[in-house]
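Student:
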Amino acid sequence: MEDMEALPVRFPSRQHNHSSCVNKLLGDAEEECRRQKLRFTEHRRKVLEIIASSHKPLGAYDILEQMNFSGRRQAPVVAYRALDFLINLGLVHRLNSLNAFVACMAVGEDHTAQFLICRQCKNVGELNSNRVSERIEKDAVEAGFQVDQQLVEIIGICYECAESG
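Residues 0 to 164 (numbering that gives the first Met the number 0) make up the sequence shown, in order.
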């Protein structure tokens, strides 16, 4: 059996205090926007803050419900534009199977993530295995397929749900 690669799993505990992660992610976003000379608007900041504050993936309409500015509900296009911007910057990932979004737990790292999605609590862990990514790439090339993007979503039970029975 070949040696196993150490796989850093970023799977937040439900008791985890998210405020330091949120602040770090907002700081990373500001820095990246400054570096690329992009505007980190109030809407973009709010969308990122909402996503980063959640332990669970959020759909666009879940985000919209939390985006009340001055008591007004925002148009869906506001959230979708902000989400597209944040995805392109590598700050947010879209989970296709859930039609939802999660904050990137490895901002600034060159990676293709695999996502561990708990079917009970809906918490999401981000696994960054180069070996998995390289194997997918290799097999795709051998099949004559050119990979543009990898998105692997793995559904199962997280350790906290497994322990609680």
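Where is the CB? At the ideal position from N, CA and C, for every residue including glycine.
1. Assuming PHE114 contacts ILE86 under a Cβ cut-off of 8 angstroms, what Cβ separation, rounded to an integer in Å, is found between them?
2. Out of ALA74, LYS121, GLU41 and ALA139, which has the shortest C-alpha to C-alpha gap to CYS160?
3. If distances are taken between C-alpha atoms only, which option among CYS32, HIS17, VAL146 and ASN98 comes closest to TYR60?
4. Suppose you measure from the CA of PHE100 to the CA of LEU94; what does that come to, to the nearest Å?
5. Would you report the Cα separation of ARG33 and GLU41, rounded to the nearest angstrom?
6. Out of curiosity, what's the CA-to-CA distance linking ALA112 and GLN148?
7. Could you name the residues of the same chain whose beta carbon sits closer than 8 angstroms to that of LEU25, not counting the 5 residues immediately before and after it, in chain order?
8. Beta-carbon separation of ALA28 and LEU82 under 8 angstroms?
9. What residue range does the beta strand (DSSP E) around VAL26 cover?
10. Could you give the distance in angstroms between the alpha-carbon of ARG71 and the alpha-carbon of LEU88?
11. Count the other CB atoms, across all protein chains shown, that sit within 10 Å of the CB of GLU133; report buried if there are 16 or more and exposed otherwise.
Tutor: So, from the data block:
1. Position 115 of the sequence shown, counted from the start, is the residue given in the question as residue 114. Position 87 of the sequence shown, counted from the start, is the residue given in the question as residue 86. No, PHE114 and ILE86 are not in contact; Cβ-Cβ is about 14 angstroms, not under 8 angstroms.
2. Here residue 160 refers to the residue found at position 161 of the sequence shown. With distances taken between Cα atoms, CYS160 lies closest to LYS121.
3. For the purposes of this step, residue 60 is identified with residue 61 of the sequence shown, where counting begins at 1. The residue with the shortest Cα to Cα distance from TYR60 is ASN98.
4. Mapped onto the sequence shown, residue 100 falls at position 101. Mapped onto the sequence shown, residue 94 falls at position 95. Between PHE100 and LEU94, the C-alpha separation is close to 6 angstroms.
5. Residue 33 sits at position 34 when you count from the first residue of the sequence shown. Residue 41 sits at position 42 when you count from the first residue of the sequence shown. Each residue's Cα considered, the two are about 15 angstroms apart.
6. As a working note, residue 112 is residue 113 in the sequence shown. As a working note, residue 148 is residue 149 in the sequence shown. Computed Cα separation, rounded: 10 angstroms.
7. The sequence position of residue 25 within the sequence shown is 26, counting from 1. In chain order, ARG44, LEU47, GLU48 and ALA51 place their CB closer than 8 angstroms to the CB of LEU25, counting only its own chain and leaving out the 5 sequence neighbours on each side.
8. Residue 28 sits at position 29 when you count from the first residue of the sequence shown. Residue 82 sits at position 83 when you count from the first residue of the sequence shown. Contact flag unset, no.
9. Residue numbering aside, residue 26 sits at position 27 when the sequence shown is read from its first letter. Reading off the sequence, residue 26 comes out as Gly, not Val. Not the beta strand (DSSP E): GLY26 falls in the alpha helix (DSSP H), residues 18-35.
10. As a working note, residue 71 is residue 72 in the sequence shown. As a working note, residue 88 is residue 89 in the sequence shown. Going from the Cα of ARG71 to the Cα of LEU88 covers about 27 angstroms.
11. If you number the sequence shown from 1, residue 133 lands on position 134. Counting Cβ neighbours within 10 Å, GLU133 comes out exposed, since fewer than 16 surround it.
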